[in-house]
Every structure is written in C-alpha cells, then in structure tokens.
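Asker: Sharing a structure, written as structure tokens. Questions coming.
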Amino acid sequence: MNEDIICSGCGIPVQTKDKNEPGYVPVNALQRDVIVCQRCYRLKHYNEVPDVPLTDEDFSKMLSDVGKQDALVVMLVDLFDVEGSWMLHRKDLKHLPLLLVGNKFDLLPQSVNENKIRLWLKREAKAKGYAPTSIELMSANKKADVVRVAAAIDELRNGRDVYVIGSANVGKSTFINQLIRAFEGDDDQLITTSVYPGTTLAFIDLPLDDGSKLYDTPVSTHHKCFQSLPRHAVHVLQPRKEIKPTIFQLQSEQTLFIGGLARMDFLEGESNHFVCYFPEAFKPHRTKLEAADDLYERHKGQDLLLPPAKDVLEQVPELVLHTFYIKEDKTDLVIPGLGWITVGKKGAKVNVYAPKNVKVTLRSAII
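According to the working numbering, the residues represented by the sequence shown are 599 to 965, in order.
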C-alpha cells in the first residue's frame, strides 16, 4: 500500500500502518498535494524527530550501489569534525571522480589560510585512501559558497548524474536545500535538516538541466560522540559560530578538562603549550593531575565541568583511556564530534579520556 508515494522531505516510501516505523503518515494526509511523513513534519515544525538511524550494513549497500554508476561523487566533510566525517566503505567509490567539499569553513578562526586548509585536507584524504579530483571549501549557509560549489560540480560531472554523500551532521541537507534555493527551486521540496544524526533517510533526486539528476543520499552515523545523548543536549554540543581557541601553557602533571566529556593529562615532557578548539559551550578547565579525579567527582554536570548537565551524565558512555606520545611539533589530539587540542612541541606523553564509542586520534595540525 502507498508504495508509489514518497515523502517529499526525506524520500522514504510512505506507509499508514505503524506510526513508530519510518515513513508513517495519517491516512487523511494522503490527500495533500505535498506529502511529508510524520517524522519530517515534526522535524520541520517542532525540530523534533524519532530515531531512525541507517545501519552500517545498509550504508555499505548504498555506497556499493552508488559505486556501480557512471557518476560524479560529491562528498561533504565537516571541517570542524573531519575525523568523524570519513566514510567507512570508500573502496566502493575508488573508481569514480570525487569532489571533496570541506563544509563549515566559517567555524574555523578567520586567521586561517584557505589554501593551507585545502592542502591539509588533500593530505588527510590521501592518508585515508581517497584521491579527490578536486577540493572545495565552503559554508553551506552562504549562498555565494554554494553557487561556487555548484559550478564546480557542473564542470566536473560532464553530463553524468551526481551523488552527494556524507556522514551525519556534516551539513549535507543544508547544502542541498541551498542548492535548490540558489536555482529557484520549490521550497515545498526542500529536504529536512536537523543537527541530530541520521535525518536523511533515502535517496532524493533533483533534476538537472540536461536530463541527468543529483541524488541526495542517506547519512552514516558511525562513531559520533553525541549519538547516545538526548536531543536537547546535542544542540549544546554543536558550534554555532567561529571557534575561539583557548591557549594553555602547561607543566607536566597538569590536566585539562573539556566539560564532563573529555580529559587530557599531560604526564611527561617539557613545558608545552596546548591550544583547545571546542564549541563555545565548552570552557576548558586546568587543574593539577593529583587533584583531577576529585575535581571530576565533585563538579561533573555542574559549574566547572559543563556540558553535559547532570541530567544527561548518566547517558554518557564511560570515559576510556588513550595514551599518546607526541612525536612531531604541532600535532592535533582529535576527539571526533567534540573538537581537538593542538600540542605545540614534540616530546609530550599524554593520556586522553573520552567516551568509549569515540576513537581519539593524532594528526598533523589543521591550524
């Protein structure tokens, strides 16, 4: 029933039987000219949506299907969360031309050099097994940026279809919506957008002027730090404006807390500077290593160690230990989904505690 009707918001086939399953619409809603599922309706009007994640297995199958096409792949990564943006199943796309788009450039400090960021992103992509045909940087909220990227897409596709892919929260839905607006699309056909992972459920195709199509695809939600947190807490963790770095000159046996979600212990090494890049909700706090455990127990969920608030703490996975030896100057300690700390000089030994579903990594400094 209703197999030929799809939601104009997320592209999933609609159904009228089970309101707890994806694609549900009330029977009387089928008479409307523009049909949106209950999920998209609540997201559009209340910024509220039930969880409908795309499994890794389904996402792998989707990328495999894309890999069988003669198409241009446009992959969005979040410049504030690059490590959380990479696809798990890149081998399916290796033979296709790839336009790599670094989104949320406006969140980086204004002093950064755009060309240096582009070169850095190219190196990181290569290290992950990608060979982008071209790289663009943008803010999906800025029409001029979207128009520029659209021109790059048109130049690279050579009449082929286009598939836009990305992990949760990289700004893909915002980008597609801006594309439609930039070229005078119908606002009733804009896809849904939210900061919560997994808001795009199925392929949405947008006709291009030569008979080919641009497809928006579902999102992957792997290893996002905030997946287990309630929706009201997710908004607090997302950067809304340009990141202002916080600089600490630390001696060994000092600790930095990043709210109640992460902790870094500087164990060994000469005096060193550590630059914190985290959303505005976080106020990194320094203390002595010997006092760190007690401080955490006394202040977690309040004043010094926010976010998250006390009512969210029990839903945060336990913090697990990662130990690193910094072997190069200007190395980033990256906590996917949260931000990063740049270590100024090599020779430091550090412990990093982060939620157990988060893979803390090292990289060459982005800034």
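Every residue, glycine too, gets a C-beta built ideally from N, C-alpha and C. Only a predicted model underlies this, so the values are computations on that prediction, with no experimental measurement involved.
Pair every Cβ in the segment 667–685 with every Cβ in the segment 752–766, then say whether three or more of these pairs are closer than 8 Å.
Answerer: Because the criterion of three Cβ pairs below 8 Å is met, the segment 667–685 and the segment 752–766 touch.
Asker: Give every residue of the same chain whose Cβ lies closer than 7 Å to the Cβ of residue 723, excluding the five residues on either side of it in the sequence, and list them in chain order.
Answerer: Along the sequence shown, one-based indexing puts residue 723 at 125. The residues are 698 and 730.
Asker: Look at the Cβ atom of residue 738, then the Cβ atom of residue 744, and state whether they are nearer than 8 Å.
Answerer: Position 140 of the sequence shown holds residue 738. Position 146 of the sequence shown holds residue 744. Yes, they are a contact pair.
Asker: Pick out the complete beta strand (DSSP E) segments inside the segment 662–747, 3 residues or longer, and give them in chain order.
Answerer: Counting whole runs of 3 or more residues, the segment 662–747 contains the beta strand (DSSP E) stretches 669–676, 696–701 and 732–735.
Asker: If we ignore side chains and look at the alpha-carbon of each, how far apart do residue 841 and residue 703 end up?
Answerer: Indexing the sequence shown from 1 puts residue 841 at position 243. Indexing the sequence shown from 1 puts residue 703 at position 105. Going from the Cα of residue 841 to the Cα of residue 703 covers about 11 Å.
Asker: Compute the distance between the beta-carbons of residue 876 and residue 937, then report whether it is under 8 Å.
Answerer: By one-based count along the sequence shown, residue 876 stands at place 278. By one-based count along the sequence shown, residue 937 stands at place 339. In this structure, residue 937 lies closer than 8 Å to residue 876 by Cβ.
Asker: Could you check whether the segment 915–923 touches the segment 829–846, counting it as contact only if at least three pairs of C-beta atoms, one from each stretch, sit closer than 8 Å?
Answerer: In short, these stretches do not touch, since the Cβ pair count stays below three.
Asker: Return the first residue and the last residue of the beta strand (DSSP E) that residue 622 is part of.
Answerer: As a working note, residue 622 is residue 24 in the sequence shown. No beta strand (DSSP E) contains residue 622, which DSSP labels as neither H nor E.
Asker: Whole beta strand (DSSP E) runs in the segment 828–862 with 3 or more residues, listed along the chain?
Answerer: Runs found: 844–848 and 852–856.
Asker: Under 8 Å by Cβ, that's how I've got residue 827 and residue 958 pegged, so tell me the actual separation to the nearest angstrom.
Answerer: Sequence index remark: in the sequence shown, residue 827 carries index 229 (1-based). Sequence index remark: in the sequence shown, residue 958 carries index 360 (1-based). About 18 Å separates the two Cβ atoms, so there is no contact after all.
Asker: What does the alpha-carbon distance come out to for the pair residue 752 and residue 857?
Answerer: Numbered from its first residue, the sequence shown carries residue 752 at position 154. Numbered from its first residue, the sequence shown carries residue 857 at position 259. If I take the Cα positions, the gap works out to 44 Å.
Asker: Could you tell me how far apart the beta carbons of residue 925 and residue 947 are, in whole angstroms, since I believe they sit closer than 8 Å?
Answerer: As a position in the sequence shown, residue 925 is number 327, starting the count at 1. As a position in the sequence shown, residue 947 is number 349, starting the count at 1. Their Cβ separation, rounded to whole angstroms, is 11 Å, which puts residue 925 and residue 947 out of contact at 8 Å.
Asker: Confirm, please, whether the CB-CB distance from residue 883 to residue 911 is below 8 Å.
Answerer: For this step, residue 911 is matched to residue 313 along the sequence shown. For this step, residue 883 is matched to residue 285 along the sequence shown. Not a contact, by the Cβ cut-off of 8 Å.
Asker: Pull up the distance between the alpha-carbon of residue 796 and that of residue 637, whole angstroms please.
Answerer: Working through the sequence shown from its first residue, we reach residue 796 at position 198. Working through the sequence shown from its first residue, we reach residue 637 at position 39. With a pLDDT of 48 at residue 796, under the threshold of 50, the modelled position of that residue is not reliable, and the figure given next carries that caveat. C-alpha separation (whole angstroms): 12 Å.
Asker: Within the continuous beta strand (DSSP E) that includes residue 811, where are the two ends?
Answerer: Sequence index remark: in the sequence shown, residue 811 carries index 213 (1-based). Its beta strand (DSSP E) spans residues 811–814.
Asker: Among 624, 771 and 735, whose alpha-carbon lies nearest the alpha-carbon of residue 678?
Answerer: Locating residue 678 in the sequence shown gives position 80, counting from the first residue. Cα-wise, what sits closest to residue 678 is 735.
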